[in-house]
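Undergrad:
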Amino acid sequence: MTRRFPIRIFLSAVALAAWSANAADHWPQFRGPGGRGLAAEAVPTTWQIASGENLRWSTEIPGLAHASPIVWGPHLFLTTVDRPGPRPTIKTGVYGSGDSHKEKEPHQWRLLCVDRATGAIVWNKPAHEAVPSQERHLKATHCNSTPATDGTCLVAIFGSEGLFCFEMDGTLRWRKPLGKMDAGPWDSPMLQWSFASSPVLHDGKVIVQCDVLSEQFLAVFDARDGRELWRTARQEVANWCTPALAEVGGRTQIVVNGWKQIGGYDLATGRQVWTISGGGDIPVPAPLIVGDWAFFTSAHGTARPLRAIRLAEAKGDITPPTIGDTNAAVAWCHPKLGSYMQTPIAVGDLLWSCDWQGILTCVDRATGKIHYSERLQKAGQAFTASGVAAGKHLYFVNEGGDVFVVPIGPQFSVVAKNSLDGLGLATPAIASGTIYFRTTERLLAIGPR
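Using the working numbering, read the sequence shown as starting at 5 and increasing by one per residue.
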């Protein structure tokens, strides 16, 4: 018997197949393909929200979240968490207070689909409702983790509420508890700052790094049914780092940042391949993988390293005697140039690291030679969102919503400074010549009109 499809569904399938053929139309996870933050096609360097210059659209998003938008074909997907009453507030800026904010009202975690062409919300579906089981930092939200997709499903971590997998239409496929995601500083366990590590989807597998106060582990789940494939315990402090993937010697490694157990794990078995310790004791940035090199940074306490690891040489414990030393696996290390919040970005032979006060450092990726270390701004707002690159420029967002545009090259300059007209703590997404910014209230599409 011949099966007939409605013409509308058939045309939608054809359109999605056409989109899927172009990798530039996808930004499937935190910092895009491979977590590298790179897009080949240029996006505008200047815009004006008030006048509409290079503003394709602006859409209000309910709730409060720092999760970045992701892109698959003609749609953006993003998560948020909402509650009755006024929108919650956050405290931005450079400050040392680690106070927690407790909320006793029921919250609703939601998954949204947005039309890339118009900014219209295609659907807005509830995923889970509960009183948050953990408190959040004054600067954080209850929805910090960026979702991921491979075009067949969407996965998201909602902190202690668990790991969720959805069909592409927002229908729940499965949910798995991850335990008590009590993220806070190791030396002040009474503080709770909210979870922020994002999941990674690869070859039908969901990879999660869950380093929290109560338990630390790396785990892999089957995206089809949520079956746990393996779980490896770690001896770590609570951190907010997203894992990355690297191909080394014909095998795939999961590469993770941390303080005590930075390292690589075999994707197939969960076996630890190598490890290095030391650095900032409140790690946040994700590893940056470029070929068979891995770049790490962190900054808190006595150390703030920026360092490069040759993954082909990394086996066993590769920790040098002192943090600035090198060996066969540690190619170079700057003990005091690391970043507290931002993941580094590399384009060609150059690598940039921006610290939370806006000091941007550019080094040679292979040797660590410093080309410059300059301030993007004189003082004021902190930098939480990680930098991204499009065409010949880098884009760095401060918490006040100012976007600094820097040319890709060994000489420092700021070619433009633009406002988002809102607070900016989420890392942008880029697809097909448009850059998407999430503020605490809106989703903005910046591109040629």
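Where a beta carbon is used, it is the ideal one built from N, C-alpha and C, also for glycine.
Please return the same chain residues whose Cβ sits closer than 7 Å to the Cβ of Trp-23, not counting the five positions on each side in sequence.
TA: Confidence at Trp-23 is low in this model, with a pLDDT of 42, below 50, so its placement is unreliable and the value that follows should be read with caution. Within the same chain, Trp-23 has close Cβ partners Asp-29, Gly-77, Pro-78.
Undergrad: Using 8 Å for Cβ pairs, my map puts Thr-371 next to Ser-343. What's the rounded Cβ distance?
TA: In fact, because the Cβ distance is near 19 Å, the residues do not count as touching under 8 Å.
Undergrad: How big is the Cα-Cα spacing for His-70 and Thr-388?
TA: 10 Å
Undergrad: Among Ile-94, Lys-209, Ser-55, Ala-131, which one has its Cα closest to the Cα of Arg-453?
TA: Ser-55
Undergrad: State the CB to CB distance for the pair Ala-250 and Ile-293, rounded to an integer number of angstroms; the pair is presumed to be in contact (CB under 8 Å).
TA: 5 Å
Undergrad: Contact between the segment 108-115 and the segment 177-192: three or more CB pairs below 8 Å?
TA: no
Undergrad: Here's the rule: buried if 16 or more other CB atoms are within 10 angstroms of the residue's CB, otherwise exposed. What is Gly-312?
TA: In the sequence under discussion, the amino acid at residue 312 is Ala, which differs from the Gly named in the question. Counting Cβ neighbours within 10 Å, Ala-312 comes out buried, since at least 16 surround it.
Undergrad: In angstroms, rounded to a whole number, what distance separates the CA positions of Glu-445 and Pro-309?
TA: So the alpha carbons of these two residues sit roughly 34 Å apart.
Undergrad: Is Ser-218 near Lys-184, with beta carbons less than 8 Å apart?
TA: The criterion of a C-beta distance shorter than 8 Å is satisfied by Ser-218 and Lys-184.
Undergrad: Under 8 Å, do Thr-365 and Leu-341 count as touching if we go by C-beta distance?
TA: yes
Undergrad: Should the segment 312-322 be called in touch with the segment 373-393, which here means at least 3 C-beta pairs below 8 Å?
TA: In short, these stretches do not touch, since the Cβ pair count stays below three.
Undergrad: Quick one, are the C-beta atoms of Thr-438 and Leu-424 less than 8 Å apart?
TA: The answer is no: Cβ separation not under 8 Å.
Undergrad: Quick check on this structure: which residue in Val-98, Thr-93, Pro-325, Pro-181 has the alpha carbon closest to the alpha carbon of His-105?
TA: Thr-93
Undergrad: Can you tell me whether Pro-287 is buried or exposed? The criterion is at least 16 other CB atoms within 10 Å of its CB, across all chains shown.
TA: Pro-287 should be labelled buried.
Undergrad: Are there 16 or more other CB atoms within 10 angstroms of the CB of Asn-26, so buried, or fewer, so exposed?
TA: Exposed, by the Cβ-count rule.
Undergrad: Could you compute how far the alpha carbon of Asp-207 sits from the alpha carbon of Asp-226?
TA: 9 Å
Undergrad: Does the distance from the C-beta atom of Ile-247 to that of Val-210 stay below 8 Å?
TA: In the sequence as presented, Ile is not what sits at residue 247; that position holds Pro. The criterion of a C-beta distance shorter than 8 Å is not satisfied by Pro-247 and Val-210.
Undergrad: Taking 8 Å as the cut-off, does the segment 39-48 touch the segment 82-90 (at least 3 CB pairs, one atom from each stretch)?
TA: The answer is no - the segment 39-48 does not touch the segment 82-90, with fewer than three Cβ pairs under 8 Å.
Undergrad: Quick one: using the 10 Å Cβ neighbour count with 16 as the cut-off for buried, is Asp-321 buried or exposed?
TA: Classification for Asp-321: exposed.
Undergrad: When the Cα atoms are used, what is the spatial distance from Trp-61 to Ala-449?
TA: 5 Å
Undergrad: Would you mind giving the Cβ-Cβ distance between Gly-283 and Ala-307, rounded to the nearest angstrom? I have them listed as a contact below 8 Å.
TA: 5 Å
Undergrad: Could you tell me the alpha carbon to alpha carbon distance between Ala-17 and Arg-228, rounded to whole angstroms?
TA: Confidence at Ala-17 is low in this model, with a pLDDT of 42, below 50, so the placement of that residue should be treated as unreliable; the coordinate-derived value is given next. Approximately 21 Å, taken between the alpha carbons.
Undergrad: List the endpoints of the continuous beta strand (DSSP E) containing Leu-116.
TA: 111-119
Undergrad: Have a look at Ile-53, Gly-38, Gly-41 and flag the residue whose alpha-carbon is nearest the alpha-carbon of Gly-451.
TA: Ile-53
Undergrad: What is the DSSP secondary structure of Ser-281, counted as helix, strand or coil?
TA: It is coil, neither helix nor strand.
Undergrad: From Thr-150 to Trp-244, what does the alpha carbon distance come to, in whole angstroms?
TA: 12 Å
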